[in-house]
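Novice:
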Amino acid sequence: MPSKIMIMKYLNNLTLLSALFIVNWSWSQITIDEKDNLIKDDKKESKLVVDNLDNQRVKVDGIAAVVGEYLILESDIAKAQEDQKAQGFSGEETSKCFILKQIMENKLFAHHAIQDSIEIQEEMVNSRTEQQLQYMVNQAGSLQKILDFYGKDTEEELKKELFDINFETVLAQEMQGSVVEEIEVTPAEVRQFFDKIPEDEKPFFGTQVEVSQIVIEPEVTEEQTQKTLDFLNKIRQEVLDGARFSSRAVLYSDDRRSRREGGRISDVSRDSPLVKEFKDTAFSLEEGEISKPFKTEFGWHILLVEKIRGQFIDVRHILKFPEITDEAIEKAQKEIQTLRTRIVDGEISFEEAAKEFSDEEETKESGGQLINDATLDKRFELSKMDPDLYNKIINLDEGQVSPVYTESNKQQQPFFKILTVTKRLEEHEANFNKDYARISDLALKQKKVREIQKWQKSKMKDTYIKISEDYKTCDFAKDWLK
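Taken in order, the sequence shown gives residues 0 to 481; the numbers are from numbering that gives the first Met the number 0.
#1: Buried or exposed: residue 470, going by 16 or more other Cβ atoms within 10 Å of its Cβ?
#2: Tell me the rounded alpha-carbon separation between residue 226 and residue 400.
#3: May I ask you to verify whether the segment 209-220 touches the segment 418-437, counting CB pairs closer than 8 Å and requiring at least 3?
#4: I want to know whether the segment 231-245 touches the segment 349-365 - three or more CB-CB distances under 8 Å.
#5: Expressed to the nearest angstrom, what Euclidean distance is found between the alpha-carbon atoms of residue 46 and residue 162?
#6: With distances taken from CA atoms, which of 255, 205 and 287 is nearest residue 238?
#7: Count the other CB atoms within 10 Å of the CB of residue 232; is the residue buried (16 or more) or exposed (fewer)?
#8: Pick out the complete alpha helix (DSSP H) segments inside the segment 334-386, 4 residues or longer, and give them in chain order.
#9: According to the neighbour-count rule (16 or more other Cβ atoms, all chains shown, within 10 Å of its Cβ), is residue 128 buried or exposed?
#10: Pairs of beta-carbons, one from the segment 337-347 and one from the segment 393-409, closer than 8 Å: are there three or more?
#11: Tell me whether residue 404 sits in a helix, a strand or coil according to DSSP, three-state version.
#12: The alpha helix (DSSP H) spanning residue 97 covers which residue range?
#13: Return the chain-ordered list of same chain residues with a C-beta closer than 7 Å to the C-beta of residue 92, the five sequence neighbours on each side being excluded.
#14: Output the distance between the C-alpha atoms of residue 483 and residue 112, rounded to the nearest integer angstrom.
#15: Which runs of the beta strand (DSSP E), 3 residues or longer, sit entirely within the segment 163-232?
#16: Counting Cβ pairs closer than 8 Å, one from the segment 186-198 and one from the segment 424-437, do we hit at least three?
#17: Between 321, 396, 383 and 370, which lies nearest to residue 222 when the distance is taken from Cα to Cα?
#18: According to DSSP, simplified to helix, strand and coil, what is residue 421?
#19: Once you ignore the five residues that flank residue 73 on each side, which residues in its own chain have a CB closer than 6 Å to its CB?
#20: Just how far apart, CA to CA, sit residue 454 and residue 178?
#21: Residue 1: buried (16+ other C-beta within 10 angstroms of its C-beta) or exposed?
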C-alpha cells in the first residue's frame, strides 16, 4: 500500500516560483562599464569586482552574484537566512545555495520586467508596504522593535527599504504572471498527468468537507438610518461653516484606523484597494469639496477632498454605523433559533432555508454553500481550513446543524449564523473522478512551472550573469553560467 503523503514526490520540486517570494532581501543596482567592470551605485559602500589590465579577476569580499542590473550581496543572503529561520524554515530552505538561487530567480524576473517595460503602480506598492509594516508592528509589539531588527533609525528609512523590496517583488511577480497567464490544461492533459504518476507515489488527500451556512442579521430600521444621515449632514454643515473636518473625524468617525489621523487617507487613485462607491465619490469632487452622505458596505460616509495631485488625491472621511437596537438583536436571534429547530425537525432543508431566509447575499442563492478562497472550489481540506471555521465544524457529522454562533460584521455589529457539513470525504488516495479539480490544479501547476523553467533557460542566455567562486559549487550554478 502506498505511503500516505500529502504531496506527491513527483511534484515536490514543481512549486510555482511565486510561492518563493517569502524571503525579504535588500538589493542594490549596479552599472557595467565598457570593460565589464561591476560598479555599485552606492559610492560609500561600493564593493567591486574588476578586471585589471592583465584581465586578472580580482574579487572583493561581499558580492555573491550579479543578474542583469542587480547586485546580490553576501549580506542579502545572510539577512534572508535570518528571515527564513525566524519564519520557522530549516534545513535546505535556509542554506546559502537555496537562498541565492531564489534571489537570482527573483532578479531575473525583475530585470526582464524592466526590459519589457512592465509598469507597476507605485500606490499599490505603497499600500502593500503600509499593510506589511502594520502587520510586522502588530506581531512584534512595537515599531521600535522592527526598527532595531532592520537597523533603521526612523520609520521613513524602513518604509523606503520595504518599498524597494516590494517594488522589485511585484515586478518579478508581474513578469512571472505574464509568462504563464495563458497556460491552461485540457481534460486529456489532466488524465495524462494523472496516469503518469507512479502507483506508489499517488497522493493521499486529507479529509475534506463541504460547508454551508445561514446568516441572520439584525435589521437596521429606517429610523436609525435616518438618525445616521442627519448626524452626518450636521457634521457636514459644521465643516462648511468653518469647523475642522479632521477634528470632527477624530471625535466621531467609526473608522478606527483613519480616525487617529483625522480621517485622512493619502495617495488615493482609481486603482487603490478601496470600495468602488468610495472611489467614485472621491473622484467626483473638486478640491476642498465635501460630499453628501453616501453608503458603502462599511456604513455611511462623508468625504472631503483635501488635495488633488494629478491621478492621486488625498481625502479625509468620517464613517458612521447606524445603531442597531437591542430589540432588533433579540428578534434576529429568535429568528435563527426558530429556523434551526425547523431544519433539525425536518420541516425544511438547510438549503431551502438558506435560499429563503439567509441575509448573506454571497451564499444565499447557492443554498448557503461556502467557497474555498484558496482553491475557488467548494471543498475545504481540514488541515488547511481557517481555524475559526475549523473549530465550528470539526465535530459535526454530515448533515448535522451547528449551534447558533454570534459574530461581528465590518461595522462591529452582531449577526448570527448556523453551519452544516453537507459532505465529508475522509482521507483517501487520489481518485481521478472524485478529485478531478485538485488533480487538474496540480497538472496546471506542473505545466506552468515547466513554462517558467523554459523561459528562465532562454533568458539566462541573453542576461548578464556572474556568480562568485564561493557559490559555483552550488548545484544550480551550472545552469546559470554560460
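Where is the CB? At the ideal position from N, CA and C, for every residue including glycine.
A quick note: this is a predicted structure, and the numbers were derived from the prediction, not measured.
Specialist: Taking the coordinates as given:
#1: Counted from its first residue, the sequence shown places residue 470 at position 471. Buried, because 16 or more other Cβ atoms sit within 10 Å of the Cβ of residue 470.
#2: Taking the sequence shown and counting its residues from 1, the one referred to as residue 226 is at position 227. Taking the sequence shown and counting its residues from 1, the one referred to as residue 400 is at position 401. In a straight line, the C-alpha of residue 226 is about 38 Å away from that of residue 400.
#3: The segment 418-437 and the segment 209-220 touch, with three or more beta-carbon pairs separated by less than 8 Å.
#4: In short, these stretches do not touch, since the Cβ pair count stays below three.
#5: Taking the first residue of the sequence shown as position 1, residue 46 is located at position 47. Taking the first residue of the sequence shown as position 1, residue 162 is located at position 163. For residue 46, the predicted model reports a pLDDT of 33, less than 50, meaning its position is unreliable and no value from the coordinates is stated.
#6: Residue 238 sits at position 239 when you count from the first residue of the sequence shown. The shortest CA-to-CA distance from residue 238 to any of 255, 205 and 287 is the one to 287.
#7: Counting from one through the sequence shown, the residue named residue 232 turns up at place 233. By the 10 Å Cβ count, residue 232 comes out exposed.
#8: Whole alpha helix (DSSP H) segments, 4+ residues: 349-356 and 360-363.
#9: On the sequence shown, residue 128 is found 129 positions in, with the first residue counted as 1. Around the Cβ of residue 128, a 10 Å sphere holds 16 or more other Cβ atoms; the residue is buried.
#10: The segment 337-347 is in contact with the segment 393-409.
#11: Taking the first residue of the sequence shown as 1, we reach residue 404 at position 405. Strand.
#12: If you number the sequence shown from 1, residue 97 lands on position 98. Where residue 97 is concerned, the enclosing alpha helix (DSSP H) stretches over 95-114.
#13: The residue you call residue 92 lines up with position 93 of the sequence shown. Here the set comprises 83.
#14: Within the shown structure, residues of the chain are numbered from 0 to 481, placing residue 483 beyond reach of any answer.
#15: Runs of the beta strand (DSSP E) spanning 3 or more residues and lying entirely within the segment 163-232 occur at 207-215, in chain order.
#16: A contact between stretches requires three or more CB pairs, one per stretch, nearer than 8 Å, and the segment 186-198 meets this requirement with the segment 424-437.
#17: One-based indexing of the sequence shown puts residue 222 at position 223. Of all alpha-carbon atoms in 321, 396, 383 and 370, the one lying nearest the alpha-carbon of residue 222 is that of 321.
#18: Translated into the one-based positions of the sequence shown, residue 421 becomes position 422. Three-state result, residue 421: strand.
#19: Here residue 73 is taken as the residue at index 74 of the sequence shown, counted from 1. For residue 73, same chain residues with a beta-carbon under 6 Å away, outside a window of 5 residues either side, are 61 and 63 in chain order.
#20: What you label residue 454 is simply residue 455 of the sequence shown in a count that begins at 1. What you label residue 178 is simply residue 179 of the sequence shown in a count that begins at 1. The straight-line gap from Cα to Cα measures roughly 8 Å.
#21: Residue mapping note: residue 1 aligns to position 2 of the sequence shown, counting from 1. Unreliable placement is indicated for residue 1, whose pLDDT of 40 sits below 50; no coordinate value is reported for it.
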